[in-house]
Structures are given as C-alpha cells and as structure tokens.
Amino acid sequence: MIVAEIKPIEEIAEAIKGAKKVLVAGCGGCVTVCLSGGQKETDIMASALRMKMKVDGQPLEIETATYERQCDPEYVIRFKEHLQDVDAVVSMACGVGVQFMAENYPEIIFVPGQNTKFAGAAIEHGIWEERCMLCGECVLAKTGGVCPVIRCSKSLMNGPCGGSQNGVCEISKDTPCAWQLIYDRLKGQGRLDMMTEVLPAKNWSKNRDGGPRKIVREDVRL
Amino acid sequence: MSDVKVVGFVCRLCALISSDLGPPADVTIKIETVELPCAGKVDGRLLLEAFEKGADAVFVAGCPEHECMNVKGSSRARKRLEHIKEMLDQVGVGGDRLVMYNVSGTHGPRFAQIARDMAGLLEKLGPSPLRPGRPRKETSQAI
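As structure tokens, then:
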C-alpha cells in the first residue's frame, strides 16, 4: 500500500490561511490502513486545525467527510455535496488522491494534509517499511521474492557489493543486505543455482524516466 | 482560577476507585471525570475534543504500567498522550496541559494529589488559549 504521514499542523494552517470554511477530506484506502488519513485521523486533523486557527485569532469552520478512495471517480464525486461553500480542502489522501480530487474540482483549492512516502508493508503494528519502487518490471521471480531494486541501497542486480558485512548493509546496521536475504531465501528453497544466473542490466525505461506511466486495459474499459 | 475546568479520563479499574473521595477541599478547580473501561481506550479524538469543548487541562489516569489490568493499557495510553501532546504544542494550546498519571486503585490520597497537581499546573499555565478573551496572535493575508 501507499504509506504516508501527516504534515506538521503549522504547514497546513499556513496553506489555508484566510479561509473561512474548510473541508478536511479523509480517504478510506491506503492511508486508513497506515493510520494517517482515515476517518479517525481526519477528525483529529479537523480538531487540531480548529484549535490552531482559533488560537491564531482566525476561527475556522471545518467539516469532515471520508469516503473509500480519493483516486476513483465514483468516490470522488461523493465529495461534491461537501464542497458547495468551502474555501479550501485539506485532503488526507496520498498525493494521488489530492491530485485526482484537484483535477475533478479545479475551482477548489486543495491542500495536502500528508507527505506521501512510499509503497510499503506494515512489518509490525505501527512500523511501515518500503518494499516496492514501482520500477515497472518486476524481477521478484528471479530473486526469491526479495526485491534488489528497492531493498538493495544501490539497486544492484547481481549480488552484494563490498559494503555488505555480516548480512547488513553499510548504510545502517538496521538495514539487512538485500542480496544476503536473497541468498538465504534461495538457499532455504534449494534453489541456490539461481544465484548464478546473470540478470541483465535493468531497463529503466519501464520506470518513470519516460514521464508519467499509463496502463490501458481495453478488456475492462466501458 | 476557580472557573477553570479540568477533564480527567480515568480507568474504572484503578483511578476511578481512588477518585471516590473526590478532590480535597483546598482544591477549587472543577474536575469532570470521564470513565474509561481501561486507560488504553483513550483516543486522540477524545483528548482533543475535551480541549475544544473548554477544558483548560486534561489528564488521563490509568493503572501503574507494571500493574495494568489489561497488561498494556496504561503504556498504550501514555504513548497516545505523547503523540497528542506534540499536536497540542503545534496548535498553540500547549502539550503541558495534557498529563498522564498512574494510580493504584487502593491509593485514595493519590487522586487528591492529582487534583492539587492540576490546580498547580493551571495556576502556572493560566486558562486555555482557546478561551474567549485570551490575546490572539496577529494574522493577515487572505487565501
């Protein structure tokens, strides 16, 4: 899922300065799962902003609304009834949701309530870690299900570098060497011979170097 | 200072029992208690709402962490308070106005001490900046 974290209140308050009525829009998707932009966090943000603006002598009327996703038209349209007389929207969605909402309601000022961080997993309750770089050409079948593109600090495609010591990356003792993980996984599966296969140089044109990417599925288009 | 209001979220397994005697006579601040099934039930929304609705200070009272009836309820409450205290600092209300206490259910005088502590805290901090009539910061510029 996309993992995000809430921006400092001061930054959001500065962005909505002068507004009289604001909608804080929550998202029931990824940011609900990573506990940063769901209904509960939306209520907390609304409360914090009300207090901040009141303390600053700029009382603010705030409404809240949370729907399943801000990155799908069928949910985005549900926000319409909440936007009639608002001066700005603080979107608690990821950067995708903020942009998609802004595209759909171009007359409204949208302010991001979060910093969108990465595509990751909840390795423990309260701890999220990056797992995918969205590189566009997955090699996990050849690397025992451990991604060297994002989990190796240098995105090496063929084995560890000289900075790998005792299974740990040189950048931090808390960062396991991705290639050590790959070796251990393949060894456990009895597939160590896969380590001898040379992976070709990564084709980065599948990454976003070619600009924004698009997927068109003709079979599901209406 | 007698018109100031304190809201206490108290665990019914410990602090609520010790609060039976109520605040001591020398404490004139108003304390409203909200009963929780466990301090771990406390939620950031509740704490912020208490301030929004006029509390000058808020406290949460749970079991001593090593004696928590629900094992981790008190420590979870403490962590949530730390997060909300940071938020209160950011919004200008002040995280100092939110306090965590650990109270054994068999220690009645401890609750009296909490009441005195909160009165002392508000003596020092004054009423909440959210109260009408408090000086406001200068603001300008329209969106």
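Line by line, the protein sequences are chains A and B.
Be aware that the first sequence starts at 1, since it is given in this note's numbering, and climbs by one per residue.
Be aware that the second sequence starts at 223, since it is given in this note's numbering, and climbs by one per residue.
Where is the CB? At the ideal position from N, CA and C, for every residue including glycine.
message = Give me the chain B residues within the contact set of Glu10 of chain A, using Cβ-Cβ distance strictly less than 8 angstroms, ordered along the chain.
response = Going along chain B in sequence order, the residues near Glu10 of chain A (Cβ under 8 angstroms) are Gln312.
* If the cut is a Cβ gap below 8 angstroms, which residues of chain A does Val315 of chain B touch? -> For the C-beta of Val315 of chain B, the chain A residues within less than 8 angstroms are, from N- to C-terminus, Met51 and Val55.
Checklist entry - According to the neighbour-count rule (16 or more other Cβ atoms, all chains shown, within 10 Å of its Cβ), is Gln114 of chain A buried or exposed? => result Gln114 of chain A sits buried, since 16 or more C-beta atoms from the chains shown fall within 10 Å of its C-beta.
By alpha-carbon positions, which one of A:Gly144, A:Pro148 and A:His125 ends up nearest to Leu134 of chain A?
Measuring from the Cα of Leu134 of chain A, the nearest candidate turns out to be A:Pro148.
- Query: Can you tell me whether Glu41 of chain A is buried or exposed, with buried defined as 16 or more other CB within 10 angstroms of its CB?
  - Reply: Glu41 of chain A is buried by the Cβ-count criterion.
Report task. Measure the Cβ-Cβ separation of Leu35 of chain A and Ala65 of chain A and say whether it is below 9 angstroms. Result -> Their beta carbons are not under 9 angstroms apart, which means Leu35 of chain A does not touch Ala65 of chain A by this criterion.
On the CB-based measure, 16 or more other CB atoms within 10 Å of its CB, does Pro212 of chain A come out buried or exposed? Pro212 of chain A should be labelled exposed.
Query raised in the report: DSSP on Thr175 of chain A, reduced to helix/strand/coil?
Result: Thr175 of chain A: coil per DSSP, three-state reduction.
Just verifying my parser: in three-state terms, what is the DSSP assignment at Thr338 of chain B? It is Arg, not Thr, that sits at residue 338 of chain B in the sequence shown. In the structure shown, Arg338 of chain B sits in a helix (DSSP, three-state: H, G or I).
Q.
Let me check understanding here. Comparing Cα to Cα, which of A:Met45, A:Cys161, A:Phe118 and A:Val33 lies closest to Leu60 of chain A?
A. Considering only alpha carbons, the answer is A:Met45.
Glu254 of chain B - containing beta strand (DSSP E), residue span = That run of the beta strand (DSSP E) goes Lys252 to Leu258.
* **Sequence-distant residues of the same chain with beta carbon closer than 7 angstroms to Arg302 of chain B, five excluded per side** => The residues are Val264 and Gly266.
Cutting at 8 angstroms between CB atoms, please list the residues of its own chain near Ile123 of chain A, excluding the five before and the five after it.
Cβ neighbours of Ile123 of chain A beyond the five flanking positions: Glu129.
- Could you have a look at Arg131 of chain A and say whether DSSP puts it in helix, strand or coil? Looking at Arg131 of chain A - three-state DSSP - the assignment turns out to be strand.
* To do: Anything in chain A within Cβ reach of Gly266 of chain B, meaning under 7 angstroms, just list it in chain order.
  => Neighbourhood of Gly266 of chain B in chain A, by CB distance below 7 angstroms: Ile44, in chain order.
Just verifying my parser: in three-state terms, what is the DSSP assignment at Glu5 of chain A?
The three-state secondary structure of Glu5 of chain A, taken from DSSP, is strand.
Task: alpha helix (DSSP H) segment containing Met309 of chain B, residue limits - done: Per DSSP, Met309 of chain B belongs to the alpha helix (DSSP H) from Gly295 to Val313.
Leu352 of chain B touches chain A at which residues, Cβ-Cβ below 8 angstroms?
Residues of chain A with a Cβ closer than 8 angstroms to the Cβ of Leu352 of chain B are, in chain order, Met51, Lys54 and Val55.
Review point. DSSP on Met322 of chain B, reduced to helix/strand/coil?
Key: Secondary structure of Met322 of chain B (DSSP, three-state): strand.
Original post:
Can you give the Cα-Cα distance for Ile227 of chain A and Ile215 of chain A, rounded to whole angstroms?
Top reply: This structure leaves residue 227 of chain A out entirely; chain A is present only between 1 and 222.
Shortest alpha-carbon distance to Ala178 of chain A belongs to which of A:Gln189, A:Lys154 and A:Val198? Looking from the CA of Ala178 of chain A, the closest CA among A:Gln189, A:Lys154 and A:Val198 belongs to A:Lys154.
- Task: State the Cα-Cα distance for the pair Ile150 of chain A and Asp87 of chain A, rounded to the nearest angstrom.
- Result: Looking at the two C-alpha atoms, the distance is approximately 40 angstroms.
- Task: Mind checking the segment 270-281 of chain B against chain A and listing, in chain order, the residues whose C-beta falls within less than 7 angstroms of any C-beta there?
- Result: Of all residues in the segment 270-281 of chain B, those with a C-beta nearer than 7 angstroms to a C-beta of chain A are Leu270, Glu271, Phe273 and Glu274, reading in chain order.
Do you know how far the Cα of Leu270 of chain B is from the Cα of Cys290 of chain B?
Going by the C-alpha atoms only, they are around 24 angstroms apart.
(Q) If we define contact as Cβ-Cβ less than 9 angstroms, is Met221 of chain B a contact residue for chain A? (A) The structure shown does not extend to residue 221 of chain B, since chain B is modelled only from 223 to 365, so the question has no answer here.
Worksheet item: Val232 of chain B and Leu238 of chain B look like a contact to me (Cβ under 8 angstroms); what is the Cβ gap, rounded to whole Å?
Response: Taking a contact as a CB-CB distance under 8 angstroms, the pair Val232 of chain B and Leu238 of chain B counts as one, their CB atoms being some 5 angstroms apart.
> Do Leu181 of chain A and Val146 of chain A have their C-beta atoms closer together than 9 angstroms?
Replying inline: Their beta carbons are under 9 angstroms apart, which means Leu181 of chain A touches Val146 of chain A by this criterion.
### Query
Can you find a CB in chain B that lies within less than 9 angstroms of the CB of Lys40 of chain A?
A Cβ of chain B is located within less than 9 angstroms of the beta carbon of Lys40 of chain A.
### Query
Can Arg78 of chain A and Gly29 of chain A be called in contact, C-beta distance under 9 angstroms?
For Arg78 of chain A and Gly29 of chain A, no; Cβs fall outside 9 angstroms.
Practice prompt. Could you name the residues of chain A that Met309 of chain B contacts, counting a contact when the two beta carbons are closer than 8 angstroms?
Written response: Ordered by position in chain A, the residues that pass the 8 angstroms Cβ test against Met309 of chain B are Ile9, Ile44 and Ala48.
Report all residues from its chain with a CB closer than 7 angstroms to the CB of Asp43 of chain A; omit the five preceding and five following residues, and keep chain order.
The answer, listed in chain order, is Thr64.
Report the option in B:Leu258, B:Glu274, B:Lys275 and B:Asn292 whose CA atom is closest to the CA atom of Val282 of chain B.
Looking from the CA of Val282 of chain B, the closest CA among B:Leu258, B:Glu274, B:Lys275 and B:Asn292 belongs to B:Leu258.
Among B:Gly317, B:Asp311, B:Ala261 and B:Ile253, nearest to Ser326 of chain B - alpha-carbon criterion
Answer by Cα proximity: B:Ala261.
Check: Taking only runs of the alpha helix (DSSP H) that begin and end inside the segment 175-202 of chain A, which ones reach a length of at least 4 residues, in chain order?
Finding: Fully enclosed alpha helix (DSSP H) runs of 4 or longer: 178-188.
| Going straight from the alpha carbon of Glu5 of chain A to that of Lys117 of chain A, what length do you get? | Rounded to whole angstroms, Glu5 of chain A to Lys117 of chain A spans 7 angstroms at the Cα level.
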